[in-house]
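For the sequence shown, position 24 (counting from the first letter as 1) is numbered 24 according to full-length UniProt numbering, and the numbering increases by one without interruption.
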Amino acid sequence: MLIDKKDIGILEFFLNENSVSVKKLEKDINVTERAIRTRFENLNYVFQKSNMKAELRIEKNRAVLSRKNENLGKFLEEFDLGNYNFNRYERMEIIYFFSLISEDGFKFGTLEKILNVGKSTLKNDMKEVREELHKQGFSFISRPKKGLILVGNENNIRKLLLEYILKYFCIKNFDSIEIRKAAEPVSRAVNNLIKQMKTGDIKLYFNFLKKIEEKIKKMISDEGFEVLIIYLLIIHSRKTEDQLQGEHISNGNFLRATNEYKKLNRLIQDWNYQYNRFSSNEFEILKFVEYLLGTHSYNFDYSFYENWIQTETLIREIIKNVDEKLDISIVNDNLLEDGLINHIRPTIYRIKNNIRLKKLDLNEITEKYAALLDIVKESVKPLEDYLGKSMEIEELAYLTIYFKLAIDRKRKKLNRHINNILIVCNFGYGTSRLLVENLKERYLLNITDVIPYNNFLDYDLKDTDIIISTIDINLNHSEIPVIKVSPILSSDDEKKIKKYLKEKTYENVSMGKVMEIIEKHGRIENRNALEKELELYLNVNREEEIEYIKTLPEILPAENMKIIREVADWQEGIRESGKILLRNGYIKESYIEECIEIIFQKGMYMLIGKNIILPHGSIKKNVFKTGMSFLKLEKEIEFPENIKIKNIVMLATLDKKEHINAFLQLKKIIDETDFLDETEKITDEIKLYNLMAEKFEKIKDKNFEILKYK
Numbered sequence: 001m002l003i004d005k006k007d008i009g010i011l012e013f014f015l016n017e018n019s020v021s022v023k024k025l026e027k028d029i030n031v032t033e034r035a036i037r038t039r040f041e042n043l044n045y046v047f048q049k050s051n052m053k054a055e056l057r058i059e060k061n062r063a064v065l066s067r068k069n070e071n072l073g074k075f076l077e078e079f080d081l082g083n084y085n086f087n088r089y090e091r092m093e094i095i096y097f098f099s100l101i102s103e104d105g106f107k108f109g110t111l112e113k114i115l116n117v118g119k120s121t122l123k124n125d126m127k128e129v130r131e132e133l134h135k136q137g138f139s140f141i142s143r144p145k146k147g148l149i150l151v152g153n154e155n156n157i158r159k160l161l162l163e164y165i166l167k168y169f170c171i172k173n174f175d176s177i178e179i180r181k182a183a184e185p186v187s188r189a190v191n192n193l194i195k196q197m198k199t200g201d202i203k204l205y206f207n208f209l210k211k212i213e214e215k216i217k218k219m220i221s222d223e224g225f226e227v228l229i230i231y232l233l234i235i236h237s238r239k240t241e242d243q244l245q246g247e248h249i250s251n252g253n254f255l256r257a258t259n260e261y262k263k264l265n266r267l268i269q270d271w272n273y274q275y276n277r278f279s280s281n282e283f284e285i286l287k288f289v290e291y292l293l294g295t296h297s298y299n300f301d302y303s304f305y306e307n308w309i310q311t312e313t314l315i316r317e318i319i320k321n322v323d324e325k326l327d328i329s330i331v332n333d334n335l336l337e338d339g340l341i342n343h344i345r346p347t348i349y350r351i352k353n354n355i356r357l358k359k360l361d362l363n364e365i366t367e368k369y370a371a372l373l374d375i376v377k378e379s380v381k382p383l384e385d386y387l388g389k390s391m392e393i394e395e396l397a398y399l400t401i402y403f404k405l406a407i408d409r410k411r412k413k414l415n416r417h418i419n420n421i422l423i424v425c426n427f428g429y430g431t432s433r434l435l436v437e438n439l440k441e442r443y444l445l446n447i448t449d450v451i452p453y454n455n456f457l458d459y460d461l462k463d464t465d466i467i468i469s470t471i472d473i474n475l476n477h478s479e480i481p482v483i484k485v486s487p488i489l490s491s492d493d494e495k496k497i498k499k500y501l502k503e504k505t506y507e508n509v510s511m512g513k514v515m516e517i518i519e520k521h522g523r524i525e526n527r528n529a530l531e532k533e534l535e536l537y538l539n540v541n542r543e544e545e546i547e548y549i550k551t552l553p554e555i556l557p558a559e560n561m562k563i564i565r566e567v568a569d570w571q572e573g574i575r576e577s578g579k580i581l582l583r584n585g586y587i588k589e590s591y592i593e594e595c596i597e598i599i600f601q602k603g604m605y606m607l608i609g610k611n612i613i614l615p616h617g618s619i620k621k622n623v624f625k626t627g628m629s630f631l632k633l634e635k636e637i638e639f640p641e642n643i644k645i646k647n648i649v650m651l652a653t654l655d656k657k658e659h660i661n662a663f664l665q666l667k668k669i670i671d672e673t674d675f676l677d678e679t680e681k682i683t684d685e686i687k688l689y690n691l692m693a694e695k696f697e698k699i700k701d702k703n704f705e706i707l708k709y710k
């Protein structure tokens, strides 16, 4: 007699309890009481056959497991799979795994023994697998003495194999690979295939990634480490003849221009020479850099090497879309904006390259914040249009975390020093921030740091009172309490935390009034420091300071507009537009050449409308003040990629925010008015400026909201 998935589900109820109501089993497992009794008989038979002294029975409408010091968890992890009846989905998953990982082929007889099925059932399953893989461009060939071998695009095979390994396995302590859920029969069935990979090198991969982290000065999350280690494990377990080729890299020139590639190329070559663990094939290195760019990181403030203007605009449009559907305003939340800008770079890479990083269990997010998730789903259309692809539920859930944080910040910002708390979170920045904000909202504490587990291994704990972690941590010879919690705090988590931390009480206190009273009776030497300390003690927040951001006519004044008949080539067009800013004291001359070099390296991503381009260089570098110039050409000029241009708007900015209103307003004028068409008839700079100012007034009248930032 065989047990199946539902039997496993029944037994998991008894991992921590000896009894459960029959009604709960009926509801959660979707079986009748009669079927439960039959399954209990079957499970008792398997217990007996496995020499396990345990018995399941029903007493007074409760299902009861009696056992004599028997470890049910160990049974679930080790019972003979010959006693298990794999369902169709599980069989398909195992066949997929064998197809992807068995470069030398696999035989029907091997699968028959593992799956406990006959030839007829296996043939039907295999037929369906063939059809599904064929849709993805794969096929099978048969080799004598080897069996079936999957053939197809090597990059796609790796990508799918990475997804399957991440689904069922995890990296443990950064030195071994283990089954993600020990009782999962599919994982156990394919575990021997994983063991045949070069798993002995995992610690070596970890040390290599730590060197990369140090070199690029960016902290990689635990999830990022896991993805990259498994990817390295895959490529080093593949055959030499299966190396990537040029056709597998869709954005090679772009990747070569990134700082990551420039810094890592030499490091990878040295590592390959020392350990012979990495191909010197340039396309392998480019693909690795692509995966590196697609991982979650803990970095909060870096510039895009992509079109940062377009990306920032998309983020602000998404924030505005969400804001319109909420009952509170989050449009001026700097942390939300910076967090999303930081998050969106790897998100864009994952979506563009069909990389799905699935580790965090998102069910709780989709259930707890279903309404907010729906709002986010409706609001991200500008990003989906930009990418030409829909966003998966995992990506939407991650974005929802950021908006949940912003909503919580708006409603309650409370903090008071009680204990120094170290947060260890293995899920990346967005999820760790959700945990941090939940803790700050509920408890009196001082969070000293938020780190992934790989940084905890050599972390100095001398100033730490309590550790709150999303993973198991064993501190030998230390009295520091470790509280394990879920990223989204459950009621059980809160019970554990309350043993160590006091809950907050909420007081309506005006910080401005408090400072006014203090100033009446004494002199304040450091107002900012005093406000911060009082904020911690009184559980209040200082009033947000709102700073006005300049509009288009202020960023692009009349003296920054010029009309000329023609230029010799596009480089001269860029230089002419740059000379306007140079002459009026906005930039250094080197800024102009930087704009030209960026177009050489990254192409024509700066298009903002028909026949109009927005060249720009790095933020702050070679810039004296924020401004735009507008150069109108009477005769169009050809730019790279055969694109015709008649209008060049050069942007120079000192920070990420000062130019944003002006750019959004210019984009709205281009998209929603006939401004560009009307410029065709204009030959005078003052008239050109007046036309722009006229269109600006029109879009202002359409409820155009001027953004303000803290």
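No residue lacks a Cβ here, since even glycine has one placed at the ideal position from N, Cα and C.
From which residue to which residue does the beta strand (DSSP E) around residue i run?
i, result
"E680", "No beta strand (DSSP E) contains E680, which DSSP labels as neither H nor E."
"T121", "Looking at the DSSP string, T121 is not in any beta strand (DSSP E); the run it does join, the alpha helix (DSSP H), is K119 to K135."
"G105", "G105 -> no beta strand (DSSP E), and no H or E assigned at all."
"D80", "Segment: none, D80 is in no beta strand (DSSP E) and carries neither H nor E."
"L422", "N420 to V424"
"V649", "I643 to A652"
Given a threshold of 16 other Cβ atoms within 10 Å of its Cβ, counted over all protein chains shown, does residue i qualify as buried or as exposed?
i, result
"S590", "exposed"
"I3", "buried"
"D569", "exposed"
"K57", "A small fix is needed here, since residue 57 is Arg in this sequence, not Lys. Label assigned to R57: exposed."
"M1", "exposed"
"K144", "Here residue 144 is Pro; the residue named in the question, Lys, does not match the sequence. Looking at its Cβ environment, which holds fewer than 16 other Cβ atoms inside 10 Å, P144 is exposed."
"F300", "Its pLDDT being 34, under 50, F300 is placed unreliably by the model, and the measurement read from it follows with that caveat. Flag for F300 reads exposed."
"K217", "exposed"
"S139", "exposed"
"G82", "exposed"
"A397", "buried"
"N342", "buried"
"I141", "exposed"
"Y298", "Residue confidence is low: Y298 scores 46 on pLDDT, short of 50, so the model does not pin down where it sits. No coordinate-derived value is stated."
"T653", "buried"
"Y291", "buried"
"V151", "exposed"
"S469", "buried"
Per DSSP, residue i is paired with what?
i, result
"S486", "According to DSSP, which records beta bridges pairwise, S486 is partnered with nothing at all."
"L244", "None, per the DSSP bridge assignment."
"G609", "I612"
"E19", "With the sequence shown as reference, residue 19 is identified as Ser, and Glu is not the correct amino acid for it. Bridge partners of S19: V64."
"E55", "S66"
"M92", "Answer is none; M92 lacks a bridge partner."
"S469", "V424 and K484"
"M561", "F630"
Measuring alpha carbon to alpha carbon, tell me which residue in the options is nearest residue i.
i, options, result
"I95", "L530, L162, K123 and D80", "K123"
"E78", "S629, A182, I563 and I580", "A182"
"D684", "V649, E634 and F696", "E634"
"D75", "E525, F14, P615 and D28", "As written in the sequence, residue 75 is Phe, which differs from the Asp given in the question. Of E525, F14, P615 and D28, the residue nearest in Cα terms is F14."
"D463", "I480, L691 and K499", "I480"
"I612", "I637, K646 and F624", "K646"
"S577", "E260, F169, S629 and S390", "S629"
"K325", "S379, I574 and E12", "S379"
"Y369", "K404, D338, S491 and S486", "K404"
"L435", "I473, A406, P487 and D449", "P487"
"R350", "E337, E392, N363 and T313", "E392"
Residue i lies in the alpha helix (DSSP H); which residues open and close that run?
i, result
"T38", "E33 to K49"
"R565", "Taken as a continuous stretch (DSSP letters only), R565 belongs to no alpha helix (DSSP H), as it is neither H nor E."
"F630", "Looking at the DSSP string, F630 is not in any alpha helix (DSSP H); the run it does join, the beta strand (DSSP E), is G627 to F639."
"L383", "K381 to L387"
"A662", "I660 to E672"
"D449", "Run containing D449: none in the alpha helix (DSSP H); it sits in the beta strand (DSSP E), N446 to I451."
"S491", "S491 to K498"
"S618", "Unbroken run through S618: none, as it is neither H nor E."
"F283", "E282 to L293"
"L552", "L552 to I555"
Would you mind listing the alpha helix (DSSP H) stretches within the region 139–221 that are 4+ residues and don't spill past its ends, in chain order?
Listed in chain order, they are 154–168, 185–195 and 202–216.
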